[in-house]
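K.L.:
As given, the protein sequences belong to chains A and B, one line each in that order. The working numbering puts the first residue of the first sequence at 10, with every later residue one more than the last. The working numbering puts the first residue of the second sequence at 889, with every later residue one more than the last.
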Amino acid sequence: MLSCRGLRKDYVTERGEVAAVAGIDLEIAAGRYAAIIGRSGSGKSSLMAMIGGLSRPSQGQVTVDGIDIWGLSENALAAFRNKRIGYVFQFASLLPTLRLVDNVALPAMLGGGARSSVTYARAATLLGQMGLGDHLDAYPSEVSAGEQRRAVIARALINEPALILADEPTSDLDEQTEIEIMDELMAVNRERGTTLILVTHNLALAEQAEQIVHIAHGTIVP
Amino acid sequence: MRLLASLALQNLGRRKARSLLLIIAVAVASGVVFTGATLMRSIDSSMAVGFTRLGADMMVVPEGALTNITAALLTVEPTDLVLDQDLFARAGIASVSRAAPQKIARVEHSGIGSHHDSVDLIGFDPALDFTVRPWLVERINRDMRPGDVILGAGRDAALGSELLIFGKPHTVYGRLGRTGVGTHERGVFMSFATLEALAGSVHGPNGPPAVLQKGKVSGFLVELAPGAAPLQARFAILSTLKGVKVVTGDSTMSGIRQGLAALLNGILALMVLMFASTALMVSVLFSAIVTERRGELGLLKAIGARRGQIVGMMVIEAVIATGAGGVLGVALGVLVMRLYERSLVYYLENIGVPFVWLDGPRIVIVAAAAIVMASIIGALGSLYPAWRASRRDPYDLVRGEG
């Protein structure tokens, strides 16, 4: 389902060109839970950004369900991100001026197509499934960090994506909340068949994955 | 579109103080532009009437003619000497903007007034005139026709009534206001054709005056081209036209006319500068706003916002703020104009310019133009920073780069 070929990402710094990802070949089957692990600066987030259509590779190809995503036009890639990928970032990624229900509905609204009432009903349902049914009208600043992260997972699911990319989604949460969030993500993978790729440096979280990709110095460690 | 407008409005609400300062800054610029444009157009149209009432800058008469110089050059003086009517048309002097020919014949026993009263019959070319008709205070509601006459303020007859001149019937077409210039006060004004038709009835010691012949005039009232120096124009006329004398009027009036024209150009330049600096300010501000919000913009791109949506959201945000500034500026401008209306009108009327505000619909057009310009400046100012941000990869924006 997901295939990377010769993937490379170079950054130009004051000390010259640095390879964050130095030629990676990778296959992840549809519906699988995969964990990309590695130390800070190993290149795992850069890899995830290229897989998710967020950062253009210096070289190489990313294919999702047979589509070369970096061969798509700017607008087609935006539509691809919107419809096929759900993101859970390592920071609080809700828009502070929007209520939780607005934040969850936002990707569907940006994509267009669905009626607003249908989108909002689905957003409310998803928030309810994440235990936030009583907080639809709350603003991000009015709920806890864990609740914000649950809202982000609900947002990632609003367009029923085939792939969820979670980049250190629990790095700033306490242990109990981390367990709850990971339970939610794994439930999505298990119950909806959504491919889940988790980027983490937490080996305990990675151990539950069906596939572990260990990155060091921009390459996969065998 | 509604979603983008809603996001833009919410973004404006996040930094209320900054948004308010932006709105006020644009309001000041729009207010200056609206007030300046309204005053400029009002003064411009007032000048069209007022300055022609101030009279000509110069009078060109036959060399040797006696002249009676008054503060305002409104008519030439009666003389036996004549010039060709197409003198200026043939010469084409650059420093002369307009040259209005006039015929003037001082006649007795015309049937106007008491039997021995002398009357100045003044012929003018309606197509070139700029010193007679600006003084019309009342007239029949139609164009002037052959046989129509206009009376100076010192003469009394009802509009539309019949006036016999040398026994020939004429229609009183209009009456002039008080000018303080004798010839104007006592004169009976008519077109060249109407005056020439009287040639057979007017008899002087040596027959009918030469000025009543077709193609001959008593002199010209001259208005200088904008920026032309009176002395330079005088030399140009004297070197080009033979057998003429140049009489200059009150140089203060020419000075005021040219000074106000320069002032209006200054106001226009100020307006352009105000708008240019506002556009720069909006651009700098939105560069900072984009930098501050690049994480959010990256997030929006990550969840599927297209480049057009990112640019649209930022531009709408700027247009809402600057448009609101434009509306506020127009309101402030109206307030300022109301406050200074009395002193401004008093000042202008004191120098002889009857101040006339633009009519309501035109003020609305100027106000709408100021608001639209403010909005366009918002759009232009925010377009480049928004476009630049929209080109970045979402991951770079999320990481705070770009």
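Cβ atoms here follow ideal geometry from the backbone N, Cα and C, with glycine treated the same way.
Measuring alpha carbon to alpha carbon, tell me which residue in B/R1194, B/E1229, B/R978, B/V1233 is nearest A/G120.
P.N.:
B/R1194
K.L.:
For B/M947, write down the residues that DSSP places opposite it in a beta bridge.
P.N.:
Paired residues: B/L1109, B/V1135.
K.L.:
What is the DSSP secondary structure of A/Q70, counted as helix, strand or coil?
P.N.:
strand
K.L.:
Using a Cβ-Cβ cut-off of less than 9 Å, give me the residues of the region 1186-1213 of chain B that come near chain A, in sequence order.
P.N.:
G1186, L1187, L1188, K1189, A1190, I1191, G1192, A1193, R1194, R1195, G1196, Q1197
K.L.:
Residues of chain B with CB under 7 Å from A/L115, in chain order?
P.N.:
Per Cβ cutoff of 7 Å: I1191.
K.L.:
Relative to the alpha-carbon of B/L908, which residue among B/L1016, B/L1285, B/A1209 has its alpha-carbon at the smallest distance?
P.N.:
B/A1209
K.L.:
With distance defined between alpha-carbon atoms, name the residue in A/G140, A/G61, A/Y129 nearest to A/D192.
P.N.:
A/G140
K.L.:
B/R1063: buried (16+ other C-beta within 10 angstroms of its C-beta) or exposed?
P.N.:
B/R1063 comes out buried.
K.L.:
List the residues that DSSP assigns as beta-bridge partners of B/F1012.
P.N.:
B/Q990, B/S1079
K.L.:
Could you compute how far the alpha carbon of B/A1087 sits from the alpha carbon of B/F1123?
P.N.:
In this structure, the alpha-carbon of B/A1087 lies about 35 Å from that of B/F1123.
K.L.:
By the criterion of Cβ-Cβ separation under 8 Å, what are the contact partners of A/T106 in chain B?
P.N.:
L895, Q898, N899, G901, R902
K.L.:
Counting only beta-carbon atoms, is B/V914 nearer than 8 Å to chain A?
P.N.:
Not one chain A Cβ lies under 8 Å of B/V914.
K.L.:
Measure from the C-beta of B/D1284 to each C-beta in chain A and report whether the shortest distance is under 8 Å.
P.N.:
Yes, B/D1284 counts as interfacial toward chain A.
K.L.:
Ignore the nearest five residues each way along the sequence and tell me which others in A/I76's own chain have a CB closer than 6 Å to its CB.
P.N.:
none
K.L.:
Could you give the distance in angstroms between the alpha-carbon of B/I981 and the alpha-carbon of B/M947?
P.N.:
15 Å
K.L.:
Is there at least one Cβ from chain A nearer than 8 Å to B/L891's Cβ?
P.N.:
For B/L891, a Cβ of chain A is located within less than 8 Å of the residue's own Cβ.
K.L.:
Identify whether A/Q220 lies in helix, strand or coil by the three-state DSSP scheme.
P.N.:
strand
K.L.:
When DSSP labels each residue in this structure, what does B/A959 get in the three-state scheme?
P.N.:
Only weak support exists for where B/A959 lies, its pLDDT of 44 falling under 50; the value from the coordinates is given anyway. Of the three classes helix, strand and coil, the one that applies to B/A959 here is coil, per DSSP.
K.L.:
For the ligand GDP, I want to know if B/L1052 counts as a neighbour, meaning its beta carbon is within less than 7 Å of at least one of the ligand's heavy atoms.
P.N.:
This structure lacks the ligand GDP, and indeed carries no ligand of any kind.
K.L.:
Which value, in whole angstroms, describes the spacing of the CA atoms of A/I173 and A/A160?
P.N.:
14 Å
K.L.:
Just to confirm, are B/F1077 and B/F1012 a CB contact at a threshold of 8 Å?
P.N.:
Yes, the Cβ-Cβ distance between B/F1077 and B/F1012 is below 8 Å.
K.L.:
Note down the Cα distance separating B/V1134 from B/V1037, rounded to an integer number of angstroms.
P.N.:
29 Å
K.L.:
The alpha helix (DSSP H) with B/P1118 in it runs from where to where?
P.N.:
1118-1128
K.L.:
Ends of the alpha helix (DSSP H) at B/I1265?
P.N.:
1248-1279
K.L.:
Restricting to runs no shorter than 3 residues, where is the beta strand (DSSP E) found entirely within the region 1023-1071 of chain B?
P.N.:
1024-1027, 1036-1039, 1050-1053, 1056-1064
K.L.:
Kindly indicate which three-state DSSP category B/S1231 falls into: helix, strand or coil?
P.N.:
helix
K.L.:
Could you check the C-alpha separation between B/H1091 and B/I1010 for me, to the nearest Å?
P.N.:
B/H1091 and B/I1010 have their alpha carbons spaced roughly 16 Å apart.
K.L.:
Residue range of the alpha helix (DSSP H) that A/I37 falls in?
P.N.:
It is not in any alpha helix (DSSP H) - A/I37 instead sits in the beta strand (DSSP E) that spans 25-37.
K.L.:
Would you mind telling me which residues of chain A sit closer than 7 Å to B/E1184, beta carbon to beta carbon, in chain order?
P.N.:
L104
K.L.:
Could you tell me if B/L1285 is buried or exposed, where buried requires 16 or more neighbouring beta carbons within 10 angstroms of its beta carbon?
P.N.:
buried
K.L.:
What ranges does the alpha helix (DSSP H) occupy inside the region 90-120 of chain A, keeping only unbroken runs of at least 4 residues that lie completely in it?
P.N.:
Unbroken alpha helix (DSSP H) stretches of 4 residues or longer found wholly inside the region 90-120 of chain A: 109-120, given in chain order.
K.L.:
Please tell me whether B/D1247 has its Cβ less than 8 Å away from any Cβ of chain A.
P.N.:
no
K.L.:
Sort A/I37, A/Q157, A/K92 by Cα distance to A/Q99 and report the nearest one.
P.N.:
A/Q157
K.L.:
Count the other CB atoms within 10 Å of the CB of B/G1196; is the residue buried (16 or more) or exposed (fewer)?
P.N.:
That one is exposed.
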